[in-house]
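Novice: Residue numbers (the UniProt record's numbering): 1 to 394.
Let me give you the structure first, and then I'll get to my questions.
Take a look at the structure:
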């Protein structure tokens with residue numbers, strides 16, 4: 001019998017995994033397959049294991065030196081995009097340097113004079129470099145109208161007011177799929193004038209669907225919007241993995257899907273690392289939240305505050321509960337004395353007492369730690385792939 005292989009499939013990716021031969025173990029709450037059916041498509045869901053340190057130490061440098069990173073920061077100029085660094089390079093050149101690339105070998109490449117490898121874009125004009133940064137940003141939401149180059153194109157429309165957008169948005173529902181496309185403004189006018197004094201039909205009416213179906217057939221892919229779920233996934237990749245998305249990738253269905261395909265394995269890796277860290281923080285969050293509640297009851301009781309007032313503030317009903325909380329606070333301090341001495345725990349306790357969210361704070365810390373672990377592992381695996389490719393060529 002083939003050996004069982006458990007898979008680390010995030011909930012968001014279960015439908016993708018089910019396209020392969022996988023089974024759900026309800027007791028262990030994990031998807032699994034067997035060696036017989038293990039394939040390349042399932043490899044991205046293998047449980048995360050950091051690359052062993054002895055393997056990492058055997059690699060050539062896969063990160064820039066501190067001196068190289070400081071050099072890049074010194075030649076960096078003021079830039080309106082926080083994910084980018086505008087570098088003033090020798091010979092009158094300007095480079096668009098992605099801040100996340102400081103973790104890799106890019107800074108060393110810049111110091112060595114290999115600007116095209118170190119920077120994402122190089123130009124002799126700072127305006128062109130800034131334009132590239134604007135075009136390729138970490139996804140921050142919908143573009144402002146004035147930044148949408150397609151809708152404010154140079155085509156002349158003598159009969160159209162310049163203040164009116166030159167497009168309208170249409171939806172075409174075919175089966176279970178919804179196509180969202182930008183349509184020329186003439187489409188809306190066409191529907192208005194299909195009959196004298198006829199109102200604009202609803203977007204899901206038979207007439208609208210007929211018009212949208214026709215226009216969908218004859219509208220180039222370059223102006224078709226991706227479906228919302230696809231764009232949400234691309235946005236998650238961009239934000240969590242700190243990978244810029246071009247305007248075309250944000251607006252075009254085909255390039256959006258290509259962006260997802262290129263980076264979805266890395267997103268799976270990030271999710272696996274984050275889930276492990278996030279789940280590990282739950283017991284601490286519960287302990288801190290409980291201690292805040294118990295210690296508050298203990299302090300108020302010791303200060304002579306009537307138990308009725310304490311019960312009302314803590315949302316309990318009896319004096320016995322308040323007294324129990326005070327005892328539990330003392331027991332917790334005996335079991336975990338570091339709560340009263342370690343600054344990290346003290347900060348979390350103070351946050352909870354001030355009404356802040358301990359859970360959210362720990363989750364944000366898990367996200368930061370996940371990014372650091374993911375970034376390092378991604379660099380190591382990239383270095384391993386390069387080494388493997390070099391060995392094959394040799």
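Glycine is no exception: its CB is placed at the ideal position from the N, C-alpha and C atoms.
What you are looking at is a predicted structure, and each value in this text was computed from that prediction instead of being measured.
Helix, strand or coil for residue 271 per DSSP?
Specialist: If DSSP states are grouped into helix, strand and coil, residue 271 belongs with the helices.
Novice: Measuring alpha carbon to alpha carbon, tell me which residue in 36, 59, 7 is nearest residue 381.
Specialist: Nearest C-alpha to residue 381: 59.
Novice: Start and end of the beta strand (DSSP E) containing residue 345?
Specialist: Premise fails: residue 345 lies in the alpha helix (DSSP H), 343-353, not in any beta strand (DSSP E).
Novice: For residue 44, which residues from the same chain have a beta carbon less than 8 Å from its beta carbon, with the 5 sequence-adjacent residues on both sides left out?
Specialist: 264, 265, 268, 269.
Novice: Just the Cα atoms here: how many angstroms apart are residue 370 and residue 278?
Specialist: C-alpha separation (whole angstroms): 9 Å.
Novice: Exposed or buried, which one is residue 74 when buried takes at least 16 other CB atoms within 10 Å?
Specialist: Exposed, by the Cβ-count rule.
Novice: Based on Cα-Cα distance, which residue from 282, 7, 10 lies nearest to residue 366?
Specialist: Comparing Cα-Cα distances from residue 366 to each of 282, 7, 10, the minimum goes to 282.
Novice: Closest to residue 247 by C-alpha separation, out of 42, 36, 133, 109, would be which residue?
Specialist: For the residues 42, 36, 133, 109, the minimum Cα distance to residue 247 belongs to 133.
Novice: Mind checking which residues open and close the beta strand (DSSP E) that includes residue 123?
Specialist: Element bounds for residue 123: 121-123.
Novice: For residue 294, which residues of its own chain have a beta-carbon under 6 Å away from its beta-carbon, when the five flanking residues on both sides are left out?
Specialist: The answer, listed in chain order, is 325, 328, 329.
Novice: Looking at the strands, I want to know which residues DSSP matches up with residue 86.
Specialist: For residue 86, which the question treats as bridged, DSSP gives the partners 77, 96.
Novice: Taking the alpha-carbon positions, what's the residue 32 to residue 297 distance?
Specialist: Roughly 47 Å separates the two Cα atoms.
Novice: Please report the straight-line C-alpha distance between residue 55 and residue 98, rounded to a whole angstrom.
Specialist: Going by the C-alpha atoms only, they are around 28 Å apart.
Novice: Would you decide whether residue 292 is buried or exposed? Buried here means 16 or more other CB atoms lie within 10 Å of its CB.
Specialist: Classification for residue 292: buried.
Novice: Assign residue 114 to buried or exposed, taking buried as 16 or more other Cβ atoms, counted over all protein chains shown, within 10 Å of its Cβ.
Specialist: Burial call: exposed.
Novice: Comparing C-alpha positions only, which one of 96, 29, 109, 95 sits nearest to residue 62?
Specialist: When each option's Cα is compared against that of residue 62, the closest is 109.
Novice: Starting from residue 5, trace the beta strand (DSSP E) in both directions and tell me its first and last residue.
Specialist: Residue 5 -> beta strand (DSSP E) spans 4-7.
Novice: In terms of residue numbering, what span does the alpha helix (DSSP H) encompassing residue 65 cover?
Specialist: From DSSP, residue 65 is part of no alpha helix (DSSP H); its letter is neither H nor E.
Novice: Could you tell me whether the Cβ atoms of residue 126 and residue 86 are closer together than 8 Å?
Specialist: Against a cut-off of 8 Å, the Cβ pair of residue 86 and residue 126 comes out as a contact.
Novice: Between which two residues does the alpha helix (DSSP H) containing residue 25 stretch?
Specialist: Note, residue 25: premise wrong, no alpha helix (DSSP H); beta strand (DSSP E) at 23-25.
Novice: Check this for me: beta carbons of residue 100 and residue 69, under 8 Å apart or not?
Specialist: Contact: no.
Novice: By DSSP, does residue 336 sit in helix, in strand, or in coil?
Specialist: In this structure, residue 336 counts as coil in the three-state DSSP scheme.
Novice: Select from 231, 227, 46 the residue whose C-alpha is nearest the C-alpha of residue 4.
Specialist: Answer by Cα proximity: 46.
Novice: Considering only residues of the same chain and omitting the five flanking positions on each side of residue 241, which have a CB-CB separation below 8 Å?
Specialist: Only 263, 266, 267, 270, 374 meet the Cβ criterion.
Novice: Please name the residue, chosen from 358, 319, 124, 77, that lies closest to residue 284 on a Cα-to-Cα basis.
Specialist: When only C-alpha atoms are compared, the closest one is 358.
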